[in-house]
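Residue numbers (our numbering): 2 to 522. We put the CB at the ideal spot given by N, CA and C, even for glycine. The structure under discussion appears below in the form of structure tokens.
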């Protein structure tokens, strides 16, 4: 049998624990016995200290052991919390890296698509160049054959004529054949194609002079009426070339025709409306004869609407991004449009195809406008420049530099000699078409953006639609500026009536505001 081991030194906490335990459970006799035996054992040890003792071992205190375990558990929990934080940080880093990876993948995909599109454009341009070269090579033998036929026919019909007269006639006929061959080479093979009027600038028909009223200050103009035209913002308004009719284009994908209020009316009446675009409308423009309307939209198409039919008669598709504006040639046979795809196009309405694609700007082309009674075309772009084009050849004849911010709109005076352009900072520049190297005057209508500008019929006054809800009126000769009060909603479009005495504006609130002289009869 193993030798019984005893405890040599029992911690004091065990004595107290036993006493408290026996006292709590009411074992008074056991407590007295314990104390008697405990004190007797202590007395014996004191009397015989040299008595050899057996091997002893330490009985650990339960409380101390629990404290040790608790400290170890707390340390484990602390390490667990630190590890959890590290895991969360690694997880966030992983998510961020995944997002960056997806972003770079998207950018790589876009760059690849742009590369493929550019390669396709290069292939098409090469094919076009080869076809043009072959066509030119083919024209030369045809012209030579026509010249030989003309010369031979002239020799057969006029054998008795003098050699000098014969040479003159053959020379004249060869010149006509060369001109005919040149025309056939410039026309792109469609018999329905229209021809631009000859000459760079036509004579403007004589009209009765238009006198512009002198407004002493903005208080001389008052809001005569407001037309609730659309529920969504209005992007553009356009005046009929001959009648008091106003067209409006809105973000609700529709356009509407309104009669302007007369002296006895307060609210204009809607005459006609049209829907068909798949996205918001950005611009509308009347045909020179007033029987049709052209609209541009965010669906990247240009539509032509016939009022007599009350429907769309032509859809022009060719732009790859939203179209911003359109303008008719004074002959009515051509329509120019511009888009966010950095290009402008000239459409032939007879053959219903694109005759020219104008590429010069490096950013979105925001407006396009034919100069009155001219074959020149004006474009403005978000690349802060304007460009003048020869619409017959598709050549940029002049680039206008002067804006420090993206250009929103450009327009031409009725006489065709002055250009007004406005940008996203509210700066309005006036240009002389004959000397487009630098602006001849600058007006600051900021600090917010200027969205559109319009000349009065006399060309002496300019109205500017601003994003701060006001319409700025600028005297072209003196650059004196005044403004019409606004209500805070941005003004997107502005125009004058046929007399120049009334101003119409429209914007984000869907209202068409008509401003006229307060004391007008």
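Which first and last residues belong to the beta strand (DSSP E) in which residue 310 is found?
That residue, residue 310, is in no beta strand (DSSP E); it is neither H nor E in DSSP.
Please list, in chain order, all residues of the same chain as residue 1 whose beta carbon is under 6 angstroms from its beta carbon, the five residues on each side excluded.
No information on residue 1 is available, as it lies outside the stretch 2 to 522 that the chain covers here.
Have a look at residue 72 and residue 104 and give me their C-alpha separation to the nearest angstrom.
48 angstroms
How would you write the range of the beta strand (DSSP E) that residue 456 sits in, first residue to last?
451-456
Can you give the Cα-Cα distance for residue 375 and residue 490, rounded to whole angstroms?
Approximately 37 angstroms between the Cα atoms of the pair.
May I have the straight-line CA-CA distance separating residue 481 from residue 397, to the nearest angstrom?
33 angstroms
For the region 352-423, which segments carrying the beta strand (DSSP E) assignment without a break, of at least 3 residues, lie completely within its bounds, in sequence order?
Taken in chain order, the complete beta strand (DSSP E) segments of 3 residues or longer contained in the region 352-423 are 354-360, 366-371, 377-382, 386-391, 396-402 and 408-413.
Every unbroken alpha helix (DSSP H) within the region 214-294, with a cutoff of 4 residues, ordered by chain
none
Is the CB-CB distance between residue 390 and residue 372 below 7 angstroms?
no
Relative to the C-alpha of residue 477, which residue among 470, 493 and 432 is closest?
Cα-wise, what sits closest to residue 477 is 432.
Measuring only from the beta carbon, is residue 377 closer than 6 angstroms to any heavy atom that is part of the ligand GDP?
Questions concerning the ligand GDP fall outside what the structure shown contains, since it holds no ligand whatsoever.
Proximity to residue 317 [Cα-Cα], best of 307, 311, 350 and 80:
Distances from the alpha-carbon of residue 317 to those of 307, 311, 350 and 80 put 350 closest.
If you draw a straight line from the C-alpha of residue 132 to the C-alpha of residue 126, how long is it?
Looking at the two C-alpha atoms, the distance is approximately 10 angstroms.
Rounded C-alpha distance that separates residue 306 from residue 436:
When rounded, the distance between both Cα atoms is 38 angstroms.
Hey, quick one: how far does the beta strand (DSSP E) through residue 482 stretch, first residue to last?
482-485
Quick check: the Cα distance between residue 286 and residue 124, rounded to an integer number of angstroms?
C-alpha separation (whole angstroms): 35 angstroms.
Here's the rule I'm using: 16 or more other beta-carbon atoms within 10 Å means buried, otherwise exposed. How should residue 86 be labelled?
Flag for residue 86 reads exposed.
Based on DSSP bridge pairs, tell me the residues matched to residue 476.
462
Drop a sphere of 10 angstroms on the beta-carbon of residue 302, count the other beta-carbons inside from all chains shown, and report buried for 16 or more, exposed for fewer.
buried
Bounding residues of the beta strand (DSSP E) (the contiguous stretch that carries residue 507)
504-508
Would you mind giving the Cβ-Cβ distance between residue 428 and residue 404, rounded to the nearest angstrom? I have them listed as a contact below 8 angstroms.
7 angstroms
Return the CA-CA distance between residue 239 and residue 121, expressed in angstroms with no decimal places.
38 angstroms
Beta-bridge partners of residue 346, as assigned by DSSP
338 and 358
Comparing alpha-carbon positions, which option in 117, 250 and 112 lies nearest residue 511?
250
How close, in whole Å, do the beta carbons of residue 338 and residue 365 come, if the pair is a contact with beta carbons under 8 angstroms?
Incorrect: roughly 13 angstroms between the Cβ atoms, too far for contact.
Whose C-beta lies closer than 6 angstroms to the C-beta of residue 138 among residues of the same chain, with five residues either side of it excluded?
A caution first: residue 138 carries a pLDDT of 48, below 50, which makes its placement in the model unreliable, though a value can still be read off. None.
In terms of residues, what are the limits of the beta strand (DSSP E) holding residue 332?
Neither: residue 332 is in no beta strand (DSSP E) and is coded neither H nor E.
Taking the CB atoms as reference points, tell me whether residue 254 and residue 271 lie closer together than 7 angstroms.
No, the pair does not count as a contact, with Cβ atoms beyond the cut-off.
Taking C-beta to C-beta, are residue 450 and residue 468 nearer than 7 angstroms?
yes
Is residue 210 buried or exposed, if buried means 16 or more other CB atoms sit within 10 Å of its CB?
Summary for residue 210: the model assigns pLDDT 44, below 50, so the residue's position carries little reliability; its value from the coordinates is reported in the next sentence. It is exposed - the Cβ of residue 210 has fewer than 16 other Cβ atoms within 10 Å.
Closest by CA to residue 348, which one among 196, 278, 414 and 310?
Between residue 348 and the set 196, 278, 414 and 310, the nearest pair of CA atoms involves 196.
Simplified DSSP assignment, three categories, for residue 197
Coil, per DSSP.
What's the C-alpha gap between residue 35 and residue 84?
52 angstroms
Run through DSSP, which three-state label would residue 321 get?
coil
Going by the CB atoms, is the gap between residue 328 and residue 283 shorter than 7 angstroms?
no
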